[in-house]
Amino acid sequence: MSELKELIQDKISKESFSGNGSLKALSQKGLELFNEQGIPTVKHEEWKYTRISVVLNKDFSYAVDATAVTAKDVDAFRLPGHEAANELVFVNGIYHAELSNIRSSADELVILPLSEAVKGEYKAIVDANLGHSAGYHNDGVNALNNAFAYQGLFISVKKNKSVEHPLYCYYINDARTVNVLSQPRTLIHVAVNAEVKLVEEEVTIGTSDSFINKVSEIVVEENAQVHIYKIQNEDSHSSCVKTTHVRQLGVSKVNSVTITLNGGTIRNNLNFILEAPGCESNMYGLYCVKGNTHIDNHTIVDNQQPHSLSNELYKGIMDENATGVFNGKIFVRQDAQKTNAYQSNKNVLLSDTASVNTKPQLEIFADDVKCSHGCTIGRLDDEALFYLQARGIGEKAAKALLLHAFAIEILEKIELEPIRQYVDQIISERLDFEI
Amino acid sequence: MSEMLTTLEQTALSEYKYGWVTNIEADEAPPGLSEDIVRFISAKKNEPEWMLDWRLKAYRHWLKMSEPEWANVKYPKVDYNAIKYYSAPKQKKTLNSLDEVDPELRATFEKLGISLDEQKRLSNVAVDAVIDSVSIATTFKKQLAELGIIFCSMSEAIQEHPELIKKWLGSVVPMTDNYFSALNSAVFSDGSFCYIPKGVKSPMELSTYFRINAENTGQFERTLIVAEEGSYVSYLEGCTAPMRDENQLHAAVVEIVALDNAEVKYSTVQNWYPGDKDGKGGIYNFVTKRGICAGVNSKISWTQVETGSAVTWKYPSVILKGDNSQGEFYSVAVTNNHQQADTGTKMMHIGKNTRSRIVSKGISAGFSQNSYRGLVQVGKNAINARNFSQCDSLLLGDKCGAHTFPYIEVKNSTAQVEHEATTSKIGEDQIFYCNQRGLDTETAVALIINGFAKEVMNQLPMEFAVEAQKLLAISLEGSVG
Numbered sequence: 001m002s003e004l005k006e007l008i009q010d011k012i013s014k015e016s017f018s019g020n021g022s023l024k025a026l027s028q029k030g031l032e033l034f035n036e037q038g039i040p041t042v043k044h045e046e047w048k049y050t051r052i053s054v055v056l057n058k059d060f061s062y063a064v065d066a067t068a069v070t071a072k073d074v075d076a077f078r079l080p081g082h083e084a085a086n087e088l089v090f091v092n093g094i095y096h097a098e099l100s101n102i103r104s105s106a107d108e109l110v111i112l113p114l115s116e117a118v119k120g121e122y123k124a125i126v127d128a129n130l131g132h133s134a135g136y137h138n139d140g141v142n143a144l145n146n147a148f149a150y151q152g153l154f155i156s157v158k159k160n161k162s163v164e165h166p167l168y169c170y171y172i173n174d175a176r177t178v179n180v181l182s183q184p185r186t187l188i189h190v191a192v193n194a195e196v197k198l199v200e201e202e203v204t205i206g207t208s209d210s211f212i213n214k215v216s217e218i219v220v221e222e223n224a225q226v227h228i229y230k231i232q233n234e235d236s237h238s239s240c241v242k243t244t245h246v247r248q249l250g251v252s253k254v255n256s257v258t259i260t261l262n263g264g265t266i267r268n269n270l271n272f273i274l275e276a277p278g279c280e281s282n283m284y285g286l287y288c289v290k291g292n293t294h295i296d297n298h299t300i301v302d303n304q305q306p307h308s309l310s311n312e313l314y315k316g317i318m319d320e321n322a323t324g325v326f327n328g329k330i331f332v333r334q335d336a337q338k339t340n341a342y343q344s345n346k347n348v349l350l351s352d353t354a355s356v357n358t359k360p361q362l363e364i365f366a367d368d369v370k371c372s373h374g375c376t377i378g379r380l381d382d383e384a385l386f387y388l389q390a391r392g393i394g395e396k397a398a399k400a401l402l403l404h405a406f407a408i409e410i411l412e413k414i415e416l417e418p419i420r421q422y423v424d425q426i427i428s429e430r431l432d433f434e435i
Numbered sequence: 001m002s003e004m005l006t007t008l009e010q011t012a013l014s015e016y017k018y019g020w021v022t023n024i025e026a027d028e029a030p031p032g033l034s035e036d037i038v039r040f041i042s043a044k045k046n047e048p049e050w051m052l053d054w055r056l057k058a059y060r061h062w063l064k065m066s067e068p069e070w071a072n073v074k075y076p077k078v079d080y081n082a083i084k085y086y087s088a089p090k091q092k093k094t095l096n097s098l099d100e101v102d103p104e105l106r107a108t109f110e111k112l113g114i115s116l117d118e119q120k121r122l123s124n125v126a127v128d129a130v131i132d133s134v135s136i137a138t139t140f141k142k143q144l145a146e147l148g149i150i151f152c153s154m155s156e157a158i159q160e161h162p163e164l165i166k167k168w169l170g171s172v173v174p175m176t177d178n179y180f181s182a183l184n185s186a187v188f189s190d191g192s193f194c195y196i197p198k199g200v201k202s203p204m205e206l207s208t209y210f211r212i213n214a215e216n217t218g219q220f221e222r223t224l225i226v227a228e229e230g231s232y233v234s235y236l237e238g239c240t241a242p243m244r245d246e247n248q249l250h251a252a253v254v255e256i257v258a259l260d261n262a263e264v265k266y267s268t269v270q271n272w273y274p275g276d277k278d279g280k281g282g283i284y285n286f287v288t289k290r291g292i293c294a295g296v297n298s299k300i301s302w303t304q305v306e307t308g309s310a311v312t313w314k315y316p317s318v319i320l321k322g323d324n325s326q327g328e329f330y331s332v333a334v335t336n337n338h339q340q341a342d343t344g345t346k347m348m349h350i351g352k353n354t355r356s357r358i359v360s361k362g363i364s365a366g367f368s369q370n371s372y373r374g375l376v377q378v379g380k381n382a383i384n385a386r387n388f389s390q391c392d393s394l395l396l397g398d399k400c401g402a403h404t405f406p407y408i409e410v411k412n413s414t415a416q417v418e419h420e421a422t423t424s425k426i427g428e429d430q431i432f433y434c435n436q437r438g439l440d441t442e443t444a445v446a447l448i449i450n451g452f453a454k455e456v457m458n459q460l461p462m463e464f465a466v467e468a469q470k471l472l473a474i475s476l477e478g479s480v481g
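Listed below in structure tokens is the structure:
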């Protein structure tokens with residue numbers, strides 16, 4: 001364990017830390033915290049069910065050489081609807097402007113390296129928001145990304161603008177020759193009355209091991225609307241820790257849908273910090289996994305002000321040797337009266353070697369609230385199966401029908417038609433579902 | 001509603017009515033913990049060699065452990081060297097009958113509402129009374145013995161039934177299980193032992209009453225219940241302590257073994273001194289309770305009403321090892337003023353067709369923090385395991401907190417596990433409805449709270465249910481308008 005820490009430390013020390021002001025401070029603090037904490041073990045309550053040190057304990061390269069990746073490589077995994085989208089390509093953790101394709105005009109959408117944003121007109125925003133997630137993740141993994149924050153990207157959606165072209169973000173690890181560990185970092189600012197849709201996908205090129213440790217911080221101002229769609233469909237040699245940290249600073253609405261289809265070890269941290277009264281946050285997740293995929297969804301909803309609504313629904317279909325973890329935390333602070341917070345986690349186990357560990361957690365300090373959580377782990381309803389079979393539908397088809405119906409509740413939440421169809425198609429194929 | 005809140009804040013907590021001290025001469029060990037103290041306790045109790053070895057082993061293991069910090073409670077650390085580990089009311093000779101018990105002591109129990117004589121004649125409950133750390137008297141022993149039921153103090157059992165104790169003590173909660181169980185194993189001074197032979201259904205409820213009396217003492221009792229094939233027993237436990245400014249430690253261990261077709265029902269009304277309204281004093285209640293359904297079709301049911309203690313740390317659990325076995329956990333935990341409770345259960349499904357049910361109701365008032373922490377674990381071979389958990393919290397006031405930490409771990413596809421939880425306050429519409437029908441707000445709130453806790457109260461044996469309902473009303477008096 002200490003070996004791994006030293007290895008990473010050694011690598012980091014060879015990097016020269018640059019940046020200004022808050023950026024430099026964050027990098028340094030991240031490095032210090034990483035030195036102190038190292039990679040979390042299963043003794044860390046937040047990492048109890050995910051052995052992240054096993055995945056990280058490989059000879060990873062930090063090489064940031066992005067020149068080997070061509071536009072042709074990117075073509076292979078462009079998502080449907082990309083013709084009308086802003087495409088942002090990150091190679092080995094760093095934004096690659098040449099491969100990216102920005103269709104929106106600069107009065108709608110501004111994309112800058114964090115190292116520049118921290119100096120100019122966005123200084124106040126960066127200073128106030130960069131590294132906010134560290135307060136919720138006091139562990140070595142988050143700290144490691146903070147150490148590399150100087151490579152990050154700043155995205156600003158301008159006031160009163162509804163961005164027509166959704167933002168497709170591809171996080172590419174070029175693992176054709178070496179094992180790659182990348183640390184992408186973004187800070188997204190959505191100004192007053194703005195609206196934007198984000199789609200994120202991780203991609204590994206090549207067959208060596210790949211690890212993405214990504215932190216994305218999103219700041220949402222008054223009356224803004226944000227949709228975040230994540231699609232995770234990789235091979236077993238690709239693992240990731242993705243932290244998405246959303247601050248809602250005014251009456252606003254944020255929807256998040258996370259679809260996990262396959263991969264190595266996948267950890268998603270999704271935090272919603274509701275800092276203003278009257279916010280609405282919806283978090284949906286579907287993990288339909290098999291093989292040896294390990295999917296760990298950790299969510300936090302921190303209700304700090306009154307009259308907010310948060311709604312959370314995560315569903316899982318686990319097959320073969322897949323293991324799933326769900327940990328949902330809802331905090332309702334003392335001032336957050338009249339909060340409505342709902343949370344639900346439903347799982348279906350299709351094999352005896354699959355397992356699920358779930359922990360829906362409520363911490364409530366205000367009395368005038370309505371909070372509930374529920375979770376179920378089970379198999380398909382025998383009676384429903386019988387009903388379908390009695391009507392001439394074969395067992396296999398009946399199962400597929402029921403599972404598809406189970407999944408569709410989440411898929412319906414994707415308000416971007418090409419993406420929804422794309423995911424539906426993959427899920428249907430996975431479940432052998434035909435209409 | 002705001003009116004209700006003010007009444008709530010204005011009215012002070014009613015006095016803890018069990019807060020007096022009895023002046024009984026006590027035989028005590030000096031404060032502090034060392035191997036010598038362990039030897040002293042063992043010698044005092046005239047224990048055989050193997051028992052002393054067992055204690056020393058536990059003590060040595062305890063030294064290597066550190067106090068757990070994961071619970072959602074905050075309290076000043078316990079100074080384990082300031083506690084007296086042994087305190088027994090002085091007795092001049094061995095007692096032959098109840099009539100020889102110190103009159104002062106009997107008065108104590110009468111004050112508590114457990115008149116040993118009365119109980120003996122009138123009600124149908126056998127009582128084992130434990131004061132400070134030592135069992136004082138056990139009633140109904142003779143009648144029970146006729147059926148082959150052994151119900152006596154732990155010290156007596158060690159002397160008279162060593163083979164049973166050797167076989168079962170520490171079999172469910174190993175001495176190395178956790179920090180407090182190791183401490184208990186090293187220094188436990190007494191407790192109750194109950195053995196129900198094959199096919200016997202206990203004709204009466206067995207009951208233990210615990211009381212901490214002396215100052216600066218810790219109470220470490222150990223209860224062991226063994227239910228042989230096809231037997232049944234219902235066991236009750238109650239506890240009180242005097243009002244003192246210092247915190248006192250109570251670290252008990254309860255073990256239950258249910259063999260084939262046996263059923264054990266364990267009910268607790270816990271009313272240790274909770275500290276005053278500013279959170280000063282009170283008992284630290286760090287208890288390990290665990291049962292094992294070792295045989296097929298066996299059943300263990302825990303029911304608890306928790307109203308006392310400054311800090312509670314308690315997770316009565318069931319290991320469902322036998323096929324078709326059942327585990328149940330019903331709990332009402334009430335916290336007021338500065339009380340903190342971190343309580344819940346663990347259900348470990350190992351056998352086939354095992355079922356468990358968890359119903360937990362938390363009520364927080366004042367500045368208290370009330371946490372439910374539970375684990376439902378379904379192993380690889382637990383085919384058709386079924387669990388249903390429900391934990392509801394009621395918040396009375398805006399300065400208290402309710403927390404839920406349910407852990408669910410499933411490794412079998414045929415398992416069906418459900419968990420649901422809600423948190424709310426008493427609705428204004430509910431109060432209005434009652435007001436409309438002529439109930440004043442106070443009665444209305446009492447009614448609603450009673451309804452909230454009813455599902456659990458219904459599980460309690462008759463005698464206890466009455467007491468528990470009164471307790472609920474007393475601990476919340478003033479906080480509910």
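Sequence lines, in order, name chains A and B. Numbering-wise, UniProt numbering puts 214 at position 214 of the first sequence, and it's gapless, one number per residue. Numbering-wise, UniProt numbering puts 405 at position 405 of the second sequence, and it's gapless, one number per residue. Using N, Cα and C, we set each Cβ at its ideal position, and we do this for glycine too. Model, not experiment: these values are computed from the prediction.
List, in chain order, every chain B residue whose beta-carbon is nearer than 8 Å to that of A/N357. Mapped onto the first sequence, residue 357 of chain A falls at position 357. Simply Y407, I408, E409 and V410.
Using the three-state DSSP reduction, which class does B/Y284 fall into: helix, strand or coil? Here the question's residue 284 of chain B lines up with position 284 in the second sequence. Here B/Y284 sits in strand by DSSP.
Can you tell me whether B/N81 is buried or exposed, with buried defined as 16 or more other CB within 10 angstroms of its CB? Stepping through the second sequence from its first residue, residue 81 of chain B is reached at position 81. B/N81 is exposed by the Cβ-count criterion.
Measuring only between beta-carbons, confirm whether B/D398 sits less than 7 Å from chain A. Looking up residue 398 of chain B in the second sequence gives position 398. Output row for B/D398: interface = yes.
Strand pairing of B/C434, partner residues [DSSP]: For the purposes of this step, residue 434 of chain B is identified with residue 434 of the second sequence, where counting begins at 1. According to DSSP, B/C434 bridges with nothing at all.
Can you give the Cα-Cα distance for B/K57 and B/A186, rounded to whole angstroms? Counting from 1 along the second sequence, the entry for residue 57 of chain B is found at position 57. Counting from 1 along the second sequence, the entry for residue 186 of chain B is found at position 186. Answer to the nearest angstrom: the Cα atoms are 8 Å apart.
Take A/V89 and list the residues in its own chain whose beta-carbon comes closer than 7 Å to its own, dropping the five residues that flank it on each side. Within the first sequence, the letter at position 89 stands for residue 89 of chain A. V74, H96, L99, S100, Y170 and I172.
List the residues that DSSP assigns as beta-bridge partners of A/H294. Residue 294 of chain A sits at position 294 when you count from the first residue of the first sequence. For A/H294, which the question treats as bridged, DSSP gives the partners A/T265 and A/T323.
Let me check understanding here. Comparing Cα to Cα, which of B/A385, B/G238, B/I292 and B/S364 lies closest to B/V395? Sequence index remark: in the second sequence, residue 395 of chain B carries index 395 (1-based). It should be noted that the sequence gives Leu, not Val, for residue 395 of chain B. Of the listed residues, the one whose Cα sits closest to B/L395 is B/S364.
Against chain B, which members of the stretch 368-380 of chain A pass a CB distance test of less than 9 Å? Within the stretch 368-380 of chain A, the residues whose Cβ lies closer than 9 Å to some Cβ of chain B are D368, V369, K370, C371, S372, H373, G374, C375, T376, I377, G378 and R379, listed in chain order.
Comparing the CB of A/E363 with every heavy atom of the ligand ADP, is any distance shorter than 6 Å? Ligands in the displayed structure: none, and consequently the ligand ADP is not present.
Burial state of B/D392 (16 or more Cβ within 10 Å): In the second sequence, the residue the question calls residue 392 of chain B occupies position 392. Result: buried.
Contact check, B/K299 vs B/E263 under 8 Å by CB: the rounded distance? Here residue 299 of chain B refers to the residue found at position 299 when the second sequence is read from its first residue. Here residue 263 of chain B refers to the residue found at position 263 when the second sequence is read from its first residue. With a Cβ gap of about 4 Å, B/K299 and B/E263 count as contacting.
Give me whichever residues DSSP pairs with A/N213 in a beta bridge. By 1-based counting over the first sequence, the position of residue 213 of chain A is 213. According to DSSP, A/N213 shares a beta bridge with A/V241.
is_contact[B/A310, chain A] using C-beta, thresh 7 Å: Translated into the one-based positions of the second sequence, residue 310 of chain B becomes position 310. Cβ-Cβ to chain A under 7 Å: no for B/A310.
Chain B contact residues for A/A354, given Cβ-Cβ distances below 7 Å: The count along the first sequence starts at 1 and reaches residue 354 of chain A at position 354. In chain order: S413.
Give every residue of the same chain whose Cβ lies closer than 6 Å to the Cβ of B/R386, excluding the five residues on either side of it in the sequence, and list them in chain order. Translated into the one-based positions of the second sequence, residue 386 of chain B becomes position 386. Contacts found: R355 and Q416.
Is there a Cβ from chain A that is less than 7 Å from the Cβ of B/Q416? Taking the second sequence and counting its residues from 1, the one referred to as residue 416 of chain B is at position 416. For B/Q416, a Cβ of chain A is located within less than 7 Å of the residue's own Cβ.
Closer than 8 Å, Cβ to any Cβ of chain A: which residues of the stretch 157-183 of chain B, in chain order? none
Please tell me whether B/E455 has its Cβ less than 7 Å away from any Cβ of chain A. Along the second sequence, read from residue 1 onward, the residue named residue 455 of chain B stands at position 455. Cβ-Cβ to chain A under 7 Å: no for B/E455.
Answer with yes or no whether the minimum CB distance from A/L402 to chain B is below 7 Å. Looking up residue 402 of chain A in the first sequence gives position 402. Not closer than 7 Å to any Cβ of chain B, the Cβ of A/L402 fails to qualify, so no.
Looking at the structure shown, is A/Q37 part of a helix, part of a strand, or coil, going by DSSP? Translated into positions along the first sequence, residue 37 of chain A becomes position 37. DSSP, read as helix, strand or coil, puts A/Q37 in helix.
Spell out whether any CB of chain C is found under 7 Å from the CB atom of B/G451. Checking the listed chains, one finds no chain C in this structure; the protein chains it contains are A and B.
Around the C-beta of B/Q340, are 16 or more other C-beta atoms found within 10 angstroms, so that it is buried, or is it exposed? In the second sequence, counting from the first residue as 1, residue 340 of chain B sits at position 340. So B/Q340 ends up on the buried side.
Which class does B/K64 belong to by DSSP, given the choice of helix, strand or coil? The residue labelled residue 64 of chain B in the question sits at position 64 within the second sequence. Correct three-state label for B/K64: helix.
Chain B beta carbons: is any one of them nearer than 7 Å to that of A/L431? Reading the first sequence from its first residue, position 431 is the one you call residue 431 of chain A. Chain B, which has no Cβ nearer than 7 Å to the Cβ of A/L431, makes this no.
Run down chain A in chain order and give the residues with a C-beta less than 8 Å from the C-beta of B/H403. Counted from its first residue, the second sequence places residue 403 of chain B at position 403. In chain order: Q361, L362, E363 and I364.
Would you give the residue range spanned by the alpha helix (DSSP H) that A/I426 belongs to? One-based indexing of the first sequence puts residue 426 of chain A at position 426. Its alpha helix (DSSP H) spans residues E417 to R430.
Would you call the stretch 360-371 of chain A and the stretch 332-341 of chain A touching, i.e. three or more CB-CB distances under 8 Å? yes
If we define contact as Cβ-Cβ less than 7 Å, is A/S351 a contact residue for chain B? On the first sequence, residue 351 of chain A is found 351 positions in, with the first residue counted as 1. Closer than 7 Å to some Cβ of chain B, the Cβ of A/S351 qualifies, so yes.
Say whether chain A places a C-beta atom closer than 7 Å to the C-beta of B/E420. Within the second sequence, residue 420 of chain B is the residue found at index 420, counting from 1. At least one chain A Cβ lies under 7 Å of B/E420.
When the cut-off is 7 Å and only beta carbons count, does B/T423 lie next to chain A? Position 423 of the second sequence, counted from the start, is the residue given in the question as residue 423 of chain B. Yes, because at least one Cβ of chain A sits closer than 7 Å to the Cβ of B/T423.
DSSP three-state assignment for A/D75, whether helix, strand or coil: Position 75 of the first sequence holds residue 75 of chain A. Of the three classes helix, strand and coil, the one that applies to A/D75 here is helix, per DSSP.
Neighbour-count burial assignment, A/N345, 16 or more Cβ in a 10 Å radius: By one-based count along the first sequence, residue 345 of chain A stands at place 345. By the neighbour-count rule (16 or more Cβ atoms within 10 Å), A/N345 is buried.
With a threshold of 8 Å, are at least 3 pairs of Cβ atoms found where one atom belongs to the stretch 198-210 of chain A and the other to the stretch 101-112 of chain A? no
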